[in-house]
Amino acid sequence: MKDFAGKVAVITGGASGIGLGMAHRFAAEGMRIVLSDIEEDALEGAAQGLRESGTEVLTVKTDAGDAASMDNLGERTLEHFGAVHVVCNNAGVGIRGRLWELTTNDWEFVLRVNLWGVIHGVRVFAPHLVEQDEGHIVNTASMAGLVSVAGSGPYNVSKHGVVTLSETLHSELQDANSNVGVSVLCPGVVATNLRNSDRNRPASLRDLNTEELEERAQSTPGFSPAGGLPTLTTDWAAECVLEAIKIDRFYILTHEDHEGQIQRRMQNILEDGTPAVVRPTVFAGGPKELN
Ligand SMILES: NC(=O)c1ccc[n+]([C@@H]2O[C@H](COP(=O)([O-])OP(=O)(O)OC[C@H]3O[C@@H](n4cnc5c(N)ncnc54)[C@H](O)[C@@H]3O)[C@@H](O)[C@H]2O)c1
């Protein structure tokens with residue numbers, strides 16, 4: 008996609024962090040924005056900030072992990088703007104804990120937002136984009152979708168799922184000679200509120216209180232307290248996304264030096280036969296140069 012002015016972007020998890028960064032970057036290109044999030048107050052505050060700079064914004068409170076809620080997001084978007092061009096399936100949550108310490112609720116909490124959120128987003132929006140033969144889908148995965156970091160089992164599984172879903176979608180669109188683009192965003196550490204994902208955990212999926220969850224997180228290998236790793240900004244992540252949409256790049260790596268980690272995994276698969284131990288510190292790094 009080259010022309011952005013007047014086009015419509017939908018963003019899940021848009022009230023904070025990378026989602027909000029993308030909203031501001033798209034708004035600067037003159038796009039109209041559908042901002043969706045499960046946190047209503049944060050959503051309205053975020054929308055207000057965008058409107059102050061003259062952007063047309065529709066807010067839709069949405070639980071990305073819920074099929075009916077995502078259907079509603081699709082309906083409200085088309086009712087209000089009549090079209091959709093850029094879809095960012097971005098809502099996400101994280102937890103830390105070793106696989107033998109996790110509960111069914113831990114898995115459910117992460118997979119329903121991080122993986123099912125993307126599944127629903129593609130199911131709801133891709134048919135419209137394919138029909139109009141124009142647009143771009145950006146699915147937020149992570150470096151944790153390309154390597155397997157210790158202490159993040161459900162998160163890794165969800166993000167590897169998002170990478171393969173996106174690759175499959177890309178193949179299918181290519182086979183169909185479609186002009187719709189796809190990208191998968193694979194950042195390392197970005198300064199956001201992800202560390203406080205517990206704020207959006209439904210009571211029905213809660214086994215431990217926030218302090219107990221924090222204790223479990225801190226006991227995982229390579230745990231780094233908030234601010235312990237160098238982070239990139241959400242503005243930077245958003246810039247990488249915009250560039251990828253413009254030049255139709257599929258894999259969006261935001262940090263320098265991450266190629267080496269990916270290469271190492273591939274070498275382990277092809278040559279060594281044994282995976283390396285991956286600690287969260289691999290996700291740190293400075294900004295990757297844009298082409
Ligand atoms: N921050 C990082 O270092 C980093 C690195 C790699 C990938 N990511 C991914 O980036 C995406 C955005 O996360 P972030 O880092 O900006 O964190 P964030 O917490 O700042 O933003 C996530 C947003 O998702 C929303 N959300 C949570 N559950 C939801 C649900 N069920 N339905 C709809 N919205 C929901 C939150 O309210 C929040 O506004 C996530 O998919 C995350 O996994 C983040």
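For our numbering, count along the sequence shown from 1 and bump the result up by 7.
Just so it is clear, CB atoms sit at the ideal spot from N, CA and C, and this is done for glycine as well.
Out of Glu47, Phe132, Ala74, Ser149, the CA that lies nearest to the CA of isoleucine 259 is found in Ser149.
Burial check for threonine 281: the Cβ neighbour count within 10 Å stays below 16, so the residue is exposed. Between methionine 8 and isoleucine 252 a beta carbon distance of about 5 Å is seen, short of the 8 Å cut, so the two are scored as contacting. Under DSSP, serine 60 takes part in no beta bridge, so it has no partner. As DSSP reads the structure, cysteine 193 sits in a beta bridge with Leu260. The straight-line gap separating the alpha-carbon atoms of leucine 42 and glutamate 278 is approximately 45 Å. Take the alpha-carbon of glutamate 222 and the one of threonine 199: they are about 21 Å apart. Annotation for proline 194 indicates a beta carbon within 7 Å of some heavy atom of ligand 1. Not one heavy atom of ligand 1 lies closer than 7 Å to the C-beta of isoleucine 18. For histidine 143, the uninterrupted beta strand (DSSP E) segment begins and ends at 143-147.
In this structure, leucine 220 places its C-beta atom within 8 Å of the C-beta atom of isoleucine 102. Setting aside the 5 residues that flank it on each side, arginine 272 is surrounded in the same chain by Val154, each with a C-beta closer than 6 Å to its C-beta; the list follows chain order. With respect to valine 15, alanine 133 sits apart: the two C-beta atoms are not nearer than 8 Å.
A straight line joining the alpha-carbon of alanine 151 with that of aspartate 264 spans about 15 Å. Distance check between glycine 24 and each of Val93, Leu65, Val100, Thr69 places Val100 closest, using alpha-carbon atoms only. With contacts defined by Cβ atoms closer than 8 Å, glycine 52 and valine 94 do not form a contacting pair. For valine 41, the enclosing beta strand (DSSP E) covers residues 39-44. Set against 7 Å, the gap from the CB of threonine 199 to the closest heavy atom of ligand 1 is smaller. By DSSP's assignment, lysine 68 forms a beta bridge with Asp44. If you check the C-beta of threonine 281 against ligand 1, you find no heavy atom less than 7 Å away. A heavy atom of ligand 1 is found nearer than 7 Å to the CB of serine 23.
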